[in-house]
Each structure stands twice: as C-alpha cells, then as structure tokens.
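Numbering (full-length UniProt numbering), first residue to last: 1 to 209.
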C-alpha cells in the first residue's frame with residue numbers, strides 16, 4: 001500500500017483508487033509529508049509531462065508538449081482543457097490530477113510552488129470545484145508568492161448547499177462558503193484570470209502569453 005511505498009523511500013506516489021477512508025487518508029497525508037514524499041491522489045487520473053513520462057491513465061493522444069501547467073480536481077475537465085489547448089497548438093509542461101476525494105495527498109497549495117519553480121512552465125491553469133477551502137488557500141499563496149500568471153475555472157455553479165456532487169470533496173457549506181461565486185471572488189482578488197466557460201481557455205491563455 002501507500003505506507004509501504006513511503007517506507008521504501010519512494011518520493012512520488014500516485015494513488016488512483018477512490019474512496020480511501022478519511023481517517024486513513026489523514027494519517028497518510030501527514031506521513032507522506034513527514035517523509036518528504038509527494039502523494040498524488042487518491043481518486044486521480046495521475047500525472048503526465050507530455051513527451052517525457054506518465055503515471056496514471058490519461059489518454060496520451062490529446063496531450064502536446066509545451067509550457068502550460070495544469071492542476072485539476074476533475075479528470076474529465078482536465079482532458080477537455082488539454083484537448084482545447086492542443087487543438088490550438090498550445091502544449092502542456094505537466095498536468096496533475098489532484099484527485100476528487102475530500103482529502104487530496106497534494107492539494108493545490110502543495111503543487112503551486114512546484115510550478116512556480118518549474119523553468120518549463122510559463123502559465124498555470126487551475127481547475128477547482130465546489131467544497132472545501134483548497135482554492136481559497138491557493139488564492140492567498142498566489143497573491144503573495146506567484147509571479148507566473150494563473151488562469152482558473154471553478155465547476156459546480158448549479159450545486160445546492162450541503163449536497164455531495166460527484167466527488168466526495170464537492171460539497172458546499174451552508175452560507176455560501178465553498179461555493180463557485182465565493183471561490184471565484186477570492187481568486188479574482190488574488191489576481192487570477194477567471195474563466196466561466198471552458199471554451200474560453202485557449203483564447204485567454206493566448207492573450208496572456
């Protein structure tokens with residue numbers, strides 16, 4: 001399992017399985033950090049650097065080598081974005097599926113510094129969703145530390161409060177926190193370029209670069 005892999009000294013672990021019990025994942029999250037291990041997932045399609053390497057089940061044919069980094073809670077939305085970009089001749093440096101479970105091994109805040117330091121990434125696309133506070137925490141980091149431009153899309157606009165939608169992590173707290181409008185506002189205030197339709201992504205990226 002994951003703990004055995006960490007104990008073996010493996011520094012990058014990708015967990016595709018979904019529905020890892022919350023208490024188990026809490027322990028695993030901190031155990032991975034304690035051992036300087038990057039844990040991607042659970043409930044992730046994996047990680048890919050086009051033309052170099054892949055761990056997971058992303059459909060290779062839609063990816064194109066380039067300078068755009070992508071971090072996404074949703075696998076299918078990341079595929080759609082990649083397909084849109086590649087069709088316009090815009091390639092990707094590294095694409096990471098954060099995972100849709102409530103406790104990801106590497107939330108946005110852990111991945112943003114890696115893309116900021118990556119010489120092969122010139123712009124980062126972040127795909128978030130309703131629920132939790134990962135996007136809000138990321139917004140604070142982006143505002144204070146990131147020099148590279150960030151484009152973001154938040155999914156789940158029509159989701160009712162208190163109901164789990166698709167992913168275990170996608171649930172809005174009563175009062176609106178964790179909702180699309182709230183997350184968009186916080187990210188926008190941090191200087192992030194927000195898009196409301198995935199079809200806009202290639203145009204917005206081209207304009208920024």
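Where is the CB? At the ideal position from N, CA and C, for every residue including glycine.
Presumed contact (8 Å Cβ cut-off) between residue i and residue j, rounded CB distance
i: residue 100; j: residue 43; result: 5 Å
i: residue 152; j: residue 128; result: 6 Å
i: residue 60; j: residue 93; result: About 16 Å; that fails the 8 Å criterion.
i: residue 144; j: residue 186; result: The Cβ separation is near 13 Å, so there is no contact.
i: residue 82; j: residue 47; result: Contact flag wrong, Cβ pair sits at about 13 Å.
i: residue 116; j: residue 148; result: 6 Å
One or two residues paired with residue i in a DSSP bridge
i: residue 152; result: 126, 194
i: residue 47; result: 55, 96
i: residue 72; result: 97, 127
i: residue 13; result: 39
i: residue 65; result: 92
Where residue i sits in the DSSP three-state scheme
i: residue 39; result: strand
i: residue 103; result: coil
i: residue 34; result: helix
i: residue 120; result: coil
i: residue 209; result: coil
i: residue 25; result: helix
i: residue 135; result: helix
i: residue 186; result: helix
i: residue 4; result: helix
Per-residue burial, residue i [other beta carbons within 10 Å of its own, 16 or more giving buried]
i: residue 110; result: buried
i: residue 183; result: buried
i: residue 85; result: buried
i: residue 7; result: exposed
i: residue 76; result: exposed
i: residue 113; result: exposed
i: residue 212; result: No answer is possible for residue 212: the residues shown for the chain start at 1 and end at 209.
i: residue 2; result: buried
i: residue 30; result: exposed
i: residue 208; result: exposed
i: residue 12; result: exposed
i: residue 26; result: exposed
i: residue 108; result: buried
i: residue 156; result: buried
- Task: Assess, as a yes-or-no matter, whether the region 51 to 69 is touched by the region 119 to 126 under the definition of 3 or more beta carbon pairs within less than 8 Å.
- Result: yes
- Message: With a threshold of 8 Å, are at least 3 pairs of Cβ atoms found where one atom belongs to the region 14 to 29 and the other to the region 40 to 58?
- Response: yes
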